[in-house]
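Peer 1:
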Amino acid sequence: MKTALIIGISGQDGSYLAEYLLEAGYAVHGLVRRASMFNRSRIDHLRLATAEHQDRLFLHYGDLVDVTSLRRTLKKIAPHEVYHLAGQSHVGLSFEIPEVTCQENGMATLGLIEILRDLDSPVRLYNASSSEIFGAPPASPQNEETSMNPVNPYGCAKAFGTQLCRVYRQSYGLFVCNGIAYNHESPRRGENFVTRKISLGAARIKLGQQTVLELGNLDARRDWGYAPEYVNAMWLMLQAETPRDYVLATGGTCSIRDFAIAAFDELRLGLRFEGRGVDEIGRRTDTGEVVVRVAARYFRPAESLELVGDASLVRQTLGWTPKITGSGLARLMAKADFELLAADL
Ligand code: NAP
Ligand code: GDD
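Just so it is clear: in the sequence shown, position 2 is 2 by our numbering, and no numbers are missing.
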């Protein structure tokens, strides 16, 4: 039986990957950190007494920045594969807490690959890199050869971690792959990322629990895919004969405005945009018009340019092609949040 360690198992990607690996027959270990409340809601369905795979799922307390416990856990488990999906993942917040962002996304990655270098048996590592390493790129779409030019603390930290993984692969022959992933979303997305804020906002407004949705830059565009499809690519990367970096992207973009329109339309709600520099869009609705207000506090000191990925390499080499994108994703998420909240009622 293969053994995997997921660092960041309680996060969006970690939870889908845990499901995927359990289904594939792995013993799955996950690192969780201590919080004042339990932070395992995304994996509870895998852990409960009746869960099908619970005898192959093991959780360990630890923290990315507690290198001693990380080393001890890795030595004890001796995993075949490690998926490094942990760290402060919010770009906007990285301007407010830059040091912890760089510690967790930069230095901790270095700490981890140093531990792996010292282990007795070879380990394969997936490192969660990001399209934010490109920031303001010289070319569009971006691929594995595009130079890094991050424009926020999060992107800088990810660039540092990504390059060190390359250096350790070249210098010490470690089996390390960077997944240079573009935005991927799901009903398990954190509530302060824009897609989930929109889908939850739409569901709450539909149910009469909220009246207005406040957003920042509506004209920003993202290359949005569906998280469960992306964890499949992570696994494929570690099954390949040789380690390399891959761009994981859909190749298309959608604006925040269009994502919101699609999500609200799924619940048969129309939108009117109000605020700084926005057009008004009036539409027929069954409950009257909903207001999206543009609020200055959600704008960032600097915004990445339109990032769009060229995923030809992973398509040709590993046969990975994402299917769910932009407005289809918005509809899927709005429907899921509506069903979730309606069931609670
Ligand atoms: P997420 O939902 O924010 O999950 C982050 C995970 O990291 C959580 O399990 C969190 O634990 C854990 N974590 C944070 N700080 C930690 C620390 N100091 N020690 C141990 N664990 C810690 O992020 P995600 O969307 O799943 O993304 C996974 C990774 O891919 C992240 O590194 C992210 O930066 C990167 N990435 C994501 C995307 C995307 O679009 N989703 C795109 C490119 C790259 P708690 O549950 O305790 O907070
Ligand atoms: N969070 C947020 N909240 N973003 C908003 C809002 C709002 O109210 N209004 C507009 N936006 C815009 C942001 O300015 C940004 O341009 C875009 O929506 C997406 O923001 P996020 O959903 O916070 O995601 P992100 O693109 O900054 O970062 C995500 O994707 C990266 C990959 O490109 C995260 O998952 C990162 O961890 C990941 O690396």
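Cβ atoms here follow ideal geometry from the backbone N, Cα and C, with glycine treated the same way.
1. Is there contact here, the stretch 141-150 with the stretch 93-109, by at least three beta-carbon pairs under 8 angstroms?
2. Reducing DSSP to helix, strand and coil, say where residue 146 ends up.
3. Applying the criterion that 16 or more other CB atoms from any shown protein chain within 10 Å of the CB defines a buried residue, is residue 192 buried or exposed?
4. Would you list the residues sitting across from residue 177 in a DSSP beta bridge?
5. Hey, residue 217 and residue 256: beta-carbon distance below 8 angstroms or not?
6. Looking at the unbroken alpha helix (DSSP H) that takes in residue 341, where does it start and where does it end?
7. When the Cα atoms are used, what is the spatial distance from residue 263 to residue 273?
8. On the premise that residue 156 lies in contact with residue 246, defined as a C-beta separation below 8 angstroms, what is that separation, rounded to the nearest angstrom?
9. Excluding the five sequence neighbours on either side, which residues of its own chain have a C-beta within less than 6 angstroms of the C-beta of residue 229, listed in chain order?
10. Residues in its own chain within less than 8 angstroms of residue 347 by CB, not counting five upstream and five downstream?
11. Taking buried to mean at least 16 other C-beta atoms within 10 Å of its own C-beta, is residue 152 buried or exposed?
12. Would you mind stating whether residue 9 and residue 25 have Cβ atoms separated by less than 8 angstroms?
13. Alpha carbons only, please: which of 211, 115, 71 is nearest the one belonging to residue 291?
14. Cβ of residue 241 within 7 angstroms of any heavy atom in the ligand NAP?
15. Say the cut is 7 angstroms; is the CB of residue 292 nearer than that to a heavy atom of the ligand GDD?
16. Buried or exposed: where does residue 23 fall if 16 or more other Cβ atoms within 10 Å of its Cβ makes it buried?
17. Return the chain-ordered list of same chain residues with a C-beta closer than 7 angstroms to the C-beta of residue 280, the five sequence neighbours on each side being excluded.
18. Examine chain C for any beta-carbon lying closer than 8 angstroms to the beta-carbon of residue 98, and answer yes or no.
19. Given residue 172, which residues of its chain have a CB within under 6 angstroms of its CB, disregarding the five upstream and five downstream residues?
20. With a cut-off of 8 angstroms, do at least 3 Cβ pairs link the stretch 311-319 to the stretch 232-246?
21. Since residue 3 and residue 79 should fall inside the 8 angstroms C-beta cutoff, what is the C-beta to C-beta distance between them, to a whole number of angstroms?
22. Return the chain-ordered ranges of every beta strand (DSSP E) run that is complete within the stretch 200-279 and spans a minimum of 3 residues.
23. Give every residue of the same chain whose Cβ lies closer than 6 angstroms to the Cβ of residue 86, excluding the five residues on either side of it in the sequence, and list them in chain order.
24. Is residue 216 close to the ligand GDD? I mean its beta-carbon at under 7 angstroms from any heavy atom of the ligand.
Peer 2: According to the structure shown:
1. no
2. Residue state, collapsed to three classes: coil.
3. exposed
4. 126
5. yes
6. 326-344
7. 14 angstroms
8. The pair is not a contact, with the Cβ atoms about 21 angstroms apart (cut-off 8 angstroms).
9. Excluding sequence neighbours, residue 229 sits near 322.
10. This structure cannot settle anything about residue 347, because the visible part of the chain is limited to 1 through 345.
11. buried
12. no
13. 211
14. Proximity of the beta carbon of residue 241 to the ligand NAP is not indicated: no heavy atom of the ligand is located closer than 7 angstroms.
15. no
16. exposed
17. Note on residue 280: pLDDT 47, under 50, position unreliable in the model; the coordinate value appears next. Cβ within range, chain order: 272, 273.
18. Absent here is chain C; the protein component of the structure consists of one chain.
19. 117
20. As far as the Cβ criterion goes, the stretch 311-319 touches the stretch 232-246, which means the pair count is three or higher.
21. Right, the Cβ-Cβ distance comes to about 5 angstroms (below 8 angstroms), so this counts as a contact.
22. 212-215, 246-248, 270-274
23. Excluding residues up to 5 positions away in sequence, 7, 8, 64 lie with their Cβ nearer than 6 angstroms to the Cβ of residue 86 in the same chain.
24. Result yes, Cβ under 7 angstroms from the ligand GDD.
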